[in-house]
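Using full-length UniProt numbering, read the sequence shown as starting at 1 and increasing by one per residue.
Below is one structure; the comments refer to it alone.
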Amino acid sequence: MKYRINYSKVIAQADSIANDASELSLQIKVLEQLEQDCRAAWKGQAADVFVSKLNTLRSEMNRTKTQMTTLASTIKYCADRIQREDRQAEERASALKSGR
Numbered sequence: 001m002k003y004r005i006n007y008s009k010v011i012a013q014a015d016s017i018a019n020d021a022s023e024l025s026l027q028i029k030v031l032e033q034l035e036q037d038c039r040a041a042w043k044g045q046a047a048d049v050f051v052s053k054l055n056t057l058r059s060e061m062n063r064t065k066t067q068m069t070t071l072a073s074t075i076k077y078c079a080d081r082i083q084r085e086d087r088q089a090e091e092r093a094s095a096l097k098s099g100r
């Protein structure tokens, strides 16, 4: 029986997305450190505007990281279900062929 998906490839792609989300998390930490450094060394209106932009960027990056993590999890869940259903269908087909 032909499977509907290449399970190992799909899981590898989901793992890649999850790894990218982890890398993004590290970049968010770097951005947070940059913000702290700016607050300590730079005062004034320009500093406030810059820090505000950093906050906006950090929020967008956090949202993207969450979406990537959710996507990877959803892909794995769906792949597991498809694989399980394909195996069950294969077992039923085998049982029908053998007359059970």
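Cβ atoms here follow ideal geometry from the backbone N, Cα and C, with glycine treated the same way.
Given the structure is predicted, the values throughout are model-derived calculations rather than measurements.
Could you tell me which of the options sits nearest to residue i, measuring between CA atoms?
i	options	result
residue 73	44, 5, 23 and 16	16
residue 36	70, 8, 21 and 52	52
residue 54	38, 84, 68 and 44	38
Would you mind giving the Cβ-Cβ distance between residue i and residue j, rounded to the nearest angstrom? I have them listed as a contact below 8 Å.
i	j	result
residue 12	residue 75	Actually they are not in contact, since the Cβ atoms of residue 12 and residue 75 sit about 11 Å apart, beyond 8 Å.
residue 56	residue 21	No, residue 56 and residue 21 are not in contact; Cβ-Cβ is about 20 Å, not under 8 Å.
Going by DSSP, what residue range makes up the alpha helix (DSSP H) through residue i?
i	result
residue 82	45-98
residue 5	Residue 5 -> no alpha helix (DSSP H), and no H or E assigned at all.
Could you pull out every residue in the same chain whose Cβ sits closer than 7 Å to the Cβ of residue i, ignoring the five residues on either side in sequence?
i	result
residue 47	38
Checklist entry - For the segment 92-100 against the segment 52-66, are there 3 or more C-beta pairs whose distance is under 8 Å? => result Output reads no: the segment 52-66 does not touch the segment 92-100.
Checklist entry - Taking three-plus beta-carbon pairs below 8 Å as touching, is the segment 4-11 in contact with the segment 75-86? => result Between the segment 4-11 and the segment 75-86, the count of C-beta pairs closer than 8 Å reaches three or more; the two stretches touch.
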